[in-house]
Amino acid sequence: MSTQTPVPFLRRVSCRLRFFKCSSTVMLTLRRLPRYAPRLVSVRGNATLDATSTSQAQPSTPPPPPVTAKPPPTETTPEAPVDEAQGEAGTEQPKGKQRARPTRRPHISLERPREWCRPIAKGVEPAYDYALRYILRDAAFLRKELDELRAQVQAEEGKPEGARDDAALERMRERLGILEIQAEANLPDVRWKARNGMADMSKPIYSHLVEQRWREEGDLDLLMERMYQMNVVPDMLPELRPSFDLRIRYLEPPPKSNYLRTRVKRKLKQVEPGIFLVPEQTRRPPEVYTTLFHTDTRLYTLLMVDLDVPNPETQSFTTYLHWMQPNIPLSAFTPSPSVPLDTHTPYVPPHPQRGSPYHRYVLLVLPQSSATEPIDIPVFGELERLGFNFRAFADQYGFDGAQGGGAHMWREVWDETVSHIYQFSLKKDEPKFGRMPKPDPYAELKQKKKYV
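Heads up: the sequence shown begins at 0 in numbering that gives the first Met the number 0, then just goes up one per residue.
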């Protein structure tokens, strides 16, 4: 027996299918709309002409903002003033994404000091509190002993020449210098200032701590390792014992992109002893910084020498004087030379020759034989720069690397910028070096015909 479906039911089924089909199309269209779809709400839809004219005649006003109760102002949280440009509501946000950027604390220095504070509060760690009390009690005991010894020294110095014991006075003065350092060597605030660049170099304790850090924490060891590893000692001078910290700063290496080379401002960067620099970095004189440990002013001489200039006549290498400035006054209160460094033998940029191996450039600041009397050194010309004999120069004017001073060195190799240095700075033709070609043992045989 067959059953027949009534026609009205089929019509209802087809209408429902068309409705589902239209609704799925609408949903798919809404999914493909951009994220700014809420703007389409204000766009006029499929409205009648009467409804449109009615909406134009009577514009709809936005609903009023919800009224929120404001908390009563307190003394701890005052109300922020409302900007007039924001309108009456005062809730308009600035355009664009406003991201709170963290502020960076300035570096600690003498201009921006920062006092030492306890790492933990009092009473948190009893052992730390006891150790701090012990350090303060020991410092007070040493200061008391220092005052007593200082009174004895003054009493001994007040005696006449015949009754004064010079040997005992010298021992007391030596002991006085030791106590001045021991009385403050363990104080946390003193070590904090010495570590963070706030040291007062007029006091013996700060000079002692800064020098101890330079000698024992690797800076001096790295310098001496590179000096002996690169054979600066003994190729240039027989012995070297630095007595102060010498630092130099050159420009950062240029970017590899030619587009960025003329658009990026390069900063000065401290040079580590023994590293490779490119000739473009050293076209200008470096910034020289010194950290000395004596309070009196003494005279020094600055020299910069290239140790690996090819010499075709001897088939070996010679030296070249790049820079010299004598009679530079330095002390613990001069972080950098206070006199111009280009009044004697001006700076010539390093220019390693094409075809030669890497060049060693050595910068020395050596003490003069007389700490207060200037010396007269003639200016070196271009012909006298090449083949500069440092050992003969040191013997003539009394320089000795074993008596102290400062030293630094780095290395360079040839690149394309050296040609510009020869053309524009030195204004002479660029030499080219290389290995001699090996003789061909079959040269005569190659000139003869194989088949006659």
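By construction, the Cβ of each residue, glycine as well, lies at the ideal position given by its N, Cα and C atoms.
Taking 8 angstroms as the cut-off, decide whether the C-beta atoms of residue i and residue j are in contact.
{"i": "VAL152", "j": "LEU168", "result": "yes"}
{"i": "LEU298", "j": "ALA370", "result": "yes"}
{"i": "LEU362", "j": "MET408", "result": "yes"}
{"i": "ARG282", "j": "PRO351", "result": "no"}
{"i": "ILE119", "j": "GLY196", "result": "no"}
{"i": "TYR249", "j": "LYS268", "result": "yes"}
{"i": "GLY273", "j": "MET223", "result": "no"}
{"i": "PRO159", "j": "GLY176", "result": "no"}
{"i": "ALA488", "j": "VAL209", "result": "Shown here, the chain extends from 0 to 451; a query on residue 488 therefore has no answer."}
{"i": "VAL231", "j": "ARG410", "result": "no"}
{"i": "PRO254", "j": "GLN280", "result": "no"}
{"i": "LEU320", "j": "PRO284", "result": "no"}
{"i": "ALA139", "j": "LEU186", "result": "no"}
{"i": "VAL304", "j": "SER335", "result": "no"}
{"i": "MET200", "j": "PHE332", "result": "yes"}
In three-state DSSP terms, what is residue i?
{"i": "LEU444", "result": "helix"}
{"i": "LEU27", "result": "With a pLDDT of 49 at LEU27, under the threshold of 50, the modelled position of this residue cannot be trusted; read the value that follows with caution. Helix, per DSSP."}
{"i": "VAL287", "result": "strand"}
{"i": "ILE119", "result": "coil"}
{"i": "GLY405", "result": "strand"}
{"i": "ASP305", "result": "strand"}
{"i": "GLN269", "result": "strand"}
{"i": "ASP244", "result": "strand"}
{"i": "GLU411", "result": "strand"}
{"i": "LEU298", "result": "strand"}
{"i": "LEU109", "result": "coil"}
{"i": "ARG353", "result": "strand"}
{"i": "LEU239", "result": "coil"}
{"i": "LEU222", "result": "helix"}
{"i": "LEU208", "result": "helix"}
{"i": "LEU385", "result": "strand"}
{"i": "LYS449", "result": "coil"}
{"i": "SER59", "result": "Note on SER59: pLDDT 46, under 50, position unreliable in the model; no value is reported."}
Which two residues bound the contiguous beta strand (DSSP E) that contains residue i?
{"i": "VAL361", "result": "358 to 366"}
{"i": "ILE327", "result": "315 to 329"}
Following the continuous alpha helix (DSSP H) through residue i, name the residue where it begins and the one where it ends.
{"i": "GLU279", "result": "It is not in any alpha helix (DSSP H) - GLU279 carries neither H nor E in the DSSP assignment."}
{"i": "PRO143", "result": "Correcting the residue identity first, residue 143 is Lys in this sequence and not Pro. Note, LYS143: alpha helix (DSSP H), 125 to 156."}
{"i": "HIS419", "result": "416 to 419"}
{"i": "GLU251", "result": "Where GLU251 is concerned, there is no enclosing alpha helix (DSSP H), given that its DSSP letter is neither H nor E."}
{"i": "LYS437", "result": "Unbroken run through LYS437: none, as it is neither H nor E."}
{"i": "LYS202", "result": "Element bounds for LYS202: n/a, residue is neither H nor E."}
{"i": "LYS426", "result": "Segment: none, LYS426 is in no alpha helix (DSSP H) and carries neither H nor E."}
{"i": "GLY176", "result": "165 to 181"}
{"i": "ASP234", "result": "231 to 234"}
{"i": "LYS192", "result": "187 to 194"}
So residue i and residue j are in contact, right, with Cβ under 8 angstroms, and what is the actual spacing, rounded?
{"i": "PHE387", "j": "THR318", "result": "5 angstroms"}
{"i": "GLY270", "j": "ILE247", "result": "One detail in the question is off: residue 270 reads as Val in this sequence, not Gly. Contact holds; Cβ gap of about 5 angstroms."}
{"i": "SER242", "j": "GLY354", "result": "About 39 angstroms separates the two Cβ atoms, so there is no contact after all."}
{"i": "THR294", "j": "SER256", "result": "That belief does not hold up - the Cβ atoms of THR294 and SER256 are roughly 49 angstroms apart, past 8 angstroms."}
{"i": "ASP244", "j": "THR313", "result": "The Cβ separation is near 37 angstroms, so there is no contact."}
{"i": "TYR421", "j": "GLU429", "result": "4 angstroms"}
{"i": "PHE398", "j": "LEU365", "result": "5 angstroms"}
Take residue i and list the residues in its own chain whose beta-carbon comes closer than 7 angstroms to its own, dropping the five residues that flank it on each side.
{"i": "ASN310", "result": "PHE316 and THR317"}
{"i": "PRO325", "result": "THR300, HIS343, ILE374 and ILE376"}
{"i": "GLN181", "result": "LEU141"}
{"i": "SER418", "result": "GLU429"}
{"i": "SER424", "result": "PRO348"}
{"i": "LEU221", "result": "PRO272"}
{"i": "LYS449", "result": "none"}
Output needed for residue i: all residues of its chain with C-beta closer than 6 angstroms, excluding positions within five of it in sequence on either side, in chain order.
{"i": "GLU400", "result": "The amino acid at residue 400 is misidentified as Glu; the sequence shows Gly. Around GLY400: LEU236, GLU238 and LEU239."}
{"i": "LEU302", "result": "MET323 and LEU363"}
{"i": "TRP453", "result": "Residue 453 is absent from the model: the chain starts at 0 and stops at 451."}
{"i": "CYS433", "result": "For clarity, residue 433 is Gly in the given sequence; the question names Cys instead. Cβ neighbours of GLY433 beyond the five flanking positions: GLY354."}
Got a sec? Which residues, its chain only, sit under 8 angstroms from residue i by beta carbon, not counting five neighbours each side?
{"i": "ASP164", "result": "GLU155"}
{"i": "LEU178", "result": "LEU141, GLU144, LEU145 and LEU148"}
{"i": "VAL378", "result": "HIS343 and THR344"}
{"i": "PRO356", "result": "ASP307 and VAL412"}
{"i": "SER337", "result": "PRO328"}
{"i": "LYS427", "result": "TYR421"}
{"i": "ARG260", "result": "PRO253 and PRO254"}
With 8 angstroms set as the bound, which would you pick, yes or no: does the beta-carbon of residue i sit closer than that to a beta-carbon of chain B?
{"i": "LEU141", "result": "Protein chains in the displayed structure number just one, and chain B is not present."}
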